[in-house]
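Asks: Attaching a single structure in structure tokens format; questions to follow.
Number of protein chains: 4
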Amino acid sequence: MGEATNILVYRTTSRVIYGDTDRMGYAYNANYLRWFEIGRAELFRHLGLTYRQIEERGIYLPVSEAYCKYISPVAYDDLIVIEASLDNSVRGGVKFDYRIFGEDGASPVAEGYTKHPCVSREGRVLRPPQFLRDFIQQKLAEIA
Amino acid sequence: MGEATNILVYRTTSRVIYGDTDRMGYAYNANYLRWFEIGRAELFRHLGLTYRQIEERGIYLPVSEAYCKYISPVAYDDLIVIEASLDNSVRGGVKFDYRIFGEDGASPVAEGYTKHPCVSREGRVLRPPQFLRDFIQQKLAEIA
Amino acid sequence: MGEATNILVYRTTSRVIYGDTDRMGYAYNANYLRWFEIGRAELFRHLGLTYRQIEERGIYLPVSEAYCKYISPVAYDDLIVIEASLDNSVRGGVKFDYRIFGEDGASPVAEGYTKHPCVSREGRVLRPPQFLRDFIQQKLAEIA
Amino acid sequence: MGEATNILVYRTTSRVIYGDTDRMGYAYNANYLRWFEIGRAELFRHLGLTYRQIEERGIYLPVSEAYCKYISPVAYDDLIVIEASLDNSVRGGVKFDYRIFGEDGASPVAEGYTKHPCVSREGRVLRPPQFLRDFIQQKLAEIA
Numbered sequence: 000m001g002e003a004t005n006i007l008v009y010r011t012t013s014r015v016i017y018g019d020t021d022r023m024g025y026a027y028n029a030n031y032l033r034w035f036e037i038g039r040a041e042l043f044r045h046l047g048l049t050y051r052q053i054e055e056r057g058i059y060l061p062v063s064e065a066y067c068k069y070i071s072p073v074a075y076d077d078l079i080v081i082e083a084s085l086d087n088s089v090r091g092g093v094k095f096d097y098r099i100f101g102e103d104g105a106s107p108v109a110e111g112y113t114k115h116p117c118v119s120r121e122g123r124v125l126r127p128p129q130f131l132r133d134f135i136q137q138k139l140a141e142i143a
Numbered sequence: 000m001g002e003a004t005n006i007l008v009y010r011t012t013s014r015v016i017y018g019d020t021d022r023m024g025y026a027y028n029a030n031y032l033r034w035f036e037i038g039r040a041e042l043f044r045h046l047g048l049t050y051r052q053i054e055e056r057g058i059y060l061p062v063s064e065a066y067c068k069y070i071s072p073v074a075y076d077d078l079i080v081i082e083a084s085l086d087n088s089v090r091g092g093v094k095f096d097y098r099i100f101g102e103d104g105a106s107p108v109a110e111g112y113t114k115h116p117c118v119s120r121e122g123r124v125l126r127p128p129q130f131l132r133d134f135i136q137q138k139l140a141e142i143a
Numbered sequence: 000m001g002e003a004t005n006i007l008v009y010r011t012t013s014r015v016i017y018g019d020t021d022r023m024g025y026a027y028n029a030n031y032l033r034w035f036e037i038g039r040a041e042l043f044r045h046l047g048l049t050y051r052q053i054e055e056r057g058i059y060l061p062v063s064e065a066y067c068k069y070i071s072p073v074a075y076d077d078l079i080v081i082e083a084s085l086d087n088s089v090r091g092g093v094k095f096d097y098r099i100f101g102e103d104g105a106s107p108v109a110e111g112y113t114k115h116p117c118v119s120r121e122g123r124v125l126r127p128p129q130f131l132r133d134f135i136q137q138k139l140a141e142i143a
Numbered sequence: 000m001g002e003a004t005n006i007l008v009y010r011t012t013s014r015v016i017y018g019d020t021d022r023m024g025y026a027y028n029a030n031y032l033r034w035f036e037i038g039r040a041e042l043f044r045h046l047g048l049t050y051r052q053i054e055e056r057g058i059y060l061p062v063s064e065a066y067c068k069y070i071s072p073v074a075y076d077d078l079i080v081i082e083a084s085l086d087n088s089v090r091g092g093v094k095f096d097y098r099i100f101g102e103d104g105a106s107p108v109a110e111g112y113t114k115h116p117c118v119s120r121e122g123r124v125l126r127p128p129q130f131l132r133d134f135i136q137q138k139l140a141e142i143a
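Chains as they are written, first to last, in numbering that gives the first Met the number 0: chain G, 0 to 143; chain E, 0 to 143; chain F, 0 to 143; chain H, 0 to 143.
What follows is the structure, given as structure tokens:
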């Protein structure tokens with residue numbers, strides 16, 4: 000029961016549309032950051048607190064860093080699996096790690112991360128609020 | 000000096016990037032609506048009143064209708080010409096007509112229009128405000 | 000049992016992500032054309048012939064016209080319903096009609112259409128191929 | 000005249016449109032990767048060899064890694080400056096570094112990089128071709 004295994008992780012699927020592809024025939028690189036957003040939004044929803052609800056409490060989580068490694072191309076109409084996991088070890092904000100899988104699901108076609116400070120409506124950086132820390136701790140306890 | 004010639008029109012250019020194309024090898028259909036936005040924004044800027052300034056005065060011009068006819072495909076790295084013209088005959092809002100030209104500039108590769116009501120910050124439909132009607136009338140008078 | 004009621008129609012859902020919204024707070028107008036694409040792709044899939052399979056047979060259906068009427072704004076994180084129906088009365092191509100519904104599903108928040116000629120890999124306009132006409136006729140017969 | 004100063008660098012401008020923003024009021028994170036593409040494409044064009052021409056010689060440079068650090072938000076209608084520089088020290092491919100500046104141009108609002116292997120039409124990873132290495136060496140010599 001080491002901490003390393005206590006990670007909040009969720010997988011969701013998304014379909015690659017024509018508008019996601021480029022003339023090389025595969026999904027365009029910028030769209031992966033949209034998929035990362037889908038991944039973390041669905042992880043939050045699965046945990047029981049949507050990102051919309053977080054914003055309604057006055058907390059915003061803009062992206063301060065994004066990284067993506069493109070391993071294999073993703074083709075039109077593929078049903079990809081987006082896996083997002085919450086890395087709770089980051090001080091002062093939230094970090095998500097992502098893996099994207101193709102239709103076979105065997106090995107990731109892309110992986111990456113995003114970092115997010117907690118920010119007020121006016122853009123001021125805040126300490127992660129108590130309600131958010133409590134929520135994450137409770138969810139981690141549930142799966143411990 | 001018939002009314003028909005008194006139109007506010009402006010041409011701007013934009014480059015088709017990889018991210019605009021799809022696997023058919025040409026620009027994806029939804030991106031033309033982005034180009035329409037560029038066209039009307041640059042027309043406003045050219046006239047001396049940016050859309051940002053209109054919003055700063057509490058007036059929003061969301062799109063209520065959009066139409067595009069795709070005549071010839073537009074290829075990667077093409078320098079397109081976006082022509083936007085303000086159709087002042089529409090009651091209760093604003094209409095823009097667009098023509099997009101390819102690198103040769105001879106005949107349009109696409110054409111279309113968008114319609115926009117005037118809306119308050121809260122989303123309430125308003126009569127076009129006096130400052131906007133005056134501005135358009137003045138610009139029309141200048142080119143008459 | 001008039002022909003008018005024999006329409007091929009399908010509804011699918013999609014989630015509005017942050018990247019779909021603009022600073023007015025609602026989904027940006029160009030994204031509706033992406034949703035239209037999702038709608039017709041899922042209609043084809045539901046009928047048993049995916050658009051990818053159509054392309055694999057050498058037939059492409061680029062968009063020649065697109066129209067959208069934006070009735071009510073669509074907000075972040077809304078689960079929209081995209082309804083696509085195949086209008087089989089169009090000669091020489093394919094037309095789809097769309098209605099987009101918000102979370103309540105009561106009245107459409109947007110509606111529109113797209114038209115598509117049948118085109119070869121090289122971009123030459125073709126008569127709709129026999130396999131596609133047969134397929135559509137068969138599906139219409141099934142629901143008659 | 001150390002090697003460190005011999006970098007191929009170019010600055011181009013781009014306008015933030017409504018469709019680039021999200022409901023937080025600023026440019027959405029994925030769009031920065033589009034701006035990175037604009038930056039490297041315009042650097043190539045400035046050097047005298049467009050990316051389209053590279054592809055016409057059978058060489059593709061897909062993105063294998065992308066990183067972006069978002070330093071300050073970028074607002075609607077801002078005229079951003081995209082600076083791309085070619086990092087020639089990378090073996091077996093091409094790396095670009097980017098800095099994005101806001102309207103004041105003082106300090107970057109974002110920075111990042113992309114890595115690109117050289118790939119054949121069929122997706123096979125190649126050694127950077129002689130013509131591309133010669134071209135880059137010649138351009139570096141010109142500014143030495």
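All C-beta atoms in this analysis are idealised placements derived from N, C-alpha and C, irrespective of residue type, glycine included.
As the structure is a prediction and not an experimental result, all values here were calculated from the model.
1. Taking 7 Å as the cut-off, is the CB of E54 (chain F) close to at least one heavy atom of the ligand GTP?
2. If distances are taken between C-alpha atoms only, which option among H:L60, H:D21, H:A74 and H:Q52 comes closest to S119 (chain H)?
3. What do you reckon, are the CB atoms on E41 (chain G) and Y17 (chain F) nearer than 8 Å?
4. Run through DSSP, which three-state label would I99 (chain G) get?
5. Can you give the beta carbon distance from A83 (chain H) to F95 (chain H), rounded, assuming they're within the 8 Å contact cut?
6. In chain order, what residues of the region 24-48 of chain G put their CB closer than 7 Å to some CB of chain F?
7. Identify the contact partners of P72 (chain G) in chain H, using a Cβ-Cβ distance below 9 Å as the criterion.
8. For the region 66-75 of chain H against the region 100-117 of chain H, are there 3 or more C-beta pairs whose distance is under 8 Å?
9. Which residue comes first and which comes last in the alpha helix (DSSP H) that contains E64 (chain F)?
10. Output yes or no for whether 8 Å exceeds the beta carbon distance between Y25 (chain F) and E64 (chain E).
11. Helix, strand or coil, according to DSSP, for L60 (chain E) in the structure here?
12. Below 8 Å on C-beta distance, what does D86 (chain H) contact in chain F?
13. By the three-class DSSP mapping on this structure, what secondary structure does I81 (chain F) have?
14. I'd like to know whether the C-beta atoms of R10 (chain G) and V80 (chain G) end up nearer to each other than 8 Å.
15. What in chain H is Cβ-close to G18 (chain F), meaning under 7 Å?
16. What are the start and end residues of the alpha helix (DSSP H) that includes L131 (chain E)?
17. Go ahead and label G122 (chain H) buried or exposed: buried means 16 or more other beta carbons lie within 10 angstroms of its beta carbon, across all protein chains shown.
18. Inspect the beta-carbon positions of A85 (chain F) and I142 (chain F) and report whether they are closer than 8 Å.
19. For chain F, is any of its Cβ atoms less than 8 Å away from the one on E102 (chain E)?
20. For L125 (chain G), which residues does DSSP report across the bridge?
21. If you reduce the DSSP assignment to three classes, tell me which class V8 (chain H) lands in.
22. Of all Cβ atoms in chain G, is any one closer than 8 Å to the Cβ of E2 (chain E)?
23. For the alpha helix (DSSP H) that A40 (chain F) lies in, which residues bound it at each end?
24. Just the Cα atoms here: how many angstroms apart are V62 (chain H) and G92 (chain H)?
25. S13 (chain F): which of F:Y50, F:D21 and F:I99 sits nearest, CA to CA?
26. With a threshold of 8 Å between beta-carbons, can C117 (chain H) be considered close to chain G, or not?
27. So what does DSSP say about G104 (chain F), is it helix, strand or coil?
28. Kindly indicate if chain H contains any beta-carbon less than 8 Å away from that of R126 (chain E).
29. Spatial neighbours of L46 (chain E) within its chain, please: C-beta separation below 7 Å, excluding the five flanking residues on both sides.
30. Drop a sphere of 10 angstroms on the beta-carbon of E2 (chain F), count the other beta-carbons inside from all chains shown, and report buried for 16 or more, exposed for fewer.
31. Considering just the uninterrupted stretch of the alpha helix (DSSP H) at I53 (chain E), what are its terminal residues?
32. Distance cutoff 8 Å, beta carbons only. Does Y69 (chain F) sit that close to anything in chain H?
33. Between R144 (chain F) and chain G, is there a C-beta pair that is closer than 8 Å?
34. Kindly give me the distance between the Cβ atoms of T20 (chain H) and Y27 (chain H), rounded to whole angstroms, as I take these residues to be in contact under 8 Å.
35. By the 10 Å Cβ neighbour count, where 16 or more other Cβ atoms means buried, how is R132 (chain E) classified, buried or exposed?
36. Assign Y17 (chain G) to one of three DSSP states: helix, strand, or coil.
Replies: So, to answer that:
1. Of ligands this structure carries none, so the ligand GTP is not represented either.
2. For S119 (chain H), the nearest C-alpha among the options comes from H:L60.
3. No, Cβ-Cβ distance for E41 (chain G) and Y17 (chain F) is not below 8 Å.
4. strand
5. The beta-carbon distance between A83 (chain H) and F95 (chain H), rounded to whole angstroms, is 5 Å. This is short enough to meet the 8 Å contact definition.
6. R33, E36, I37 and A40
7. P61 and G122
8. yes
9. Per DSSP, E64 (chain F) belongs to no alpha helix (DSSP H); it is in the beta strand (DSSP E), E64 to Y69.
10. no
11. coil
12. Residues of chain F passing the Cβ test: none, with the nearest at roughly 29 Å.
13. strand
14. Cβ atoms of R10 (chain G) and V80 (chain G): closer than 8 Å.
15. The answer, in chain order, is D21, Y27 and A29.
16. Secondary structure note for L131 (chain E): its alpha helix (DSSP H) is the uninterrupted segment Q129 to I142.
17. G122 (chain H) comes out exposed.
18. A small correction: the amino acid at residue 85 (chain F) is Leu; Ala does not occupy that position in the sequence shown. Against a cut-off of 8 Å, the Cβ pair of I142 (chain F) and L85 (chain F) comes out as no contact.
19. no
20. G:C117
21. strand
22. Residue placement at E2 (chain E) cannot be trusted, given a pLDDT of 44 that sits under 50; the coordinates are not used to answer.
23. N30 to L46
24. Going from the Cα of V62 (chain H) to the Cα of G92 (chain H) covers about 10 Å.
25. Relative to the Cα of S13 (chain F), the nearest Cα in the group F:Y50, F:D21 and F:I99 belongs to F:I99.
26. no
27. coil
28. no
29. The residues are L7 and K138.
30. Residue placement at E2 (chain F) cannot be trusted, given a pLDDT of 44 that sits under 50; what the coordinates show is reported in the next sentence. So E2 (chain F) ends up on the exposed side.
31. Y50 to E55
32. no
33. This structure cannot speak to residue 144 (chain F), because chain F is shown only from 0 to 143.
34. 7 Å
35. exposed
36. helix
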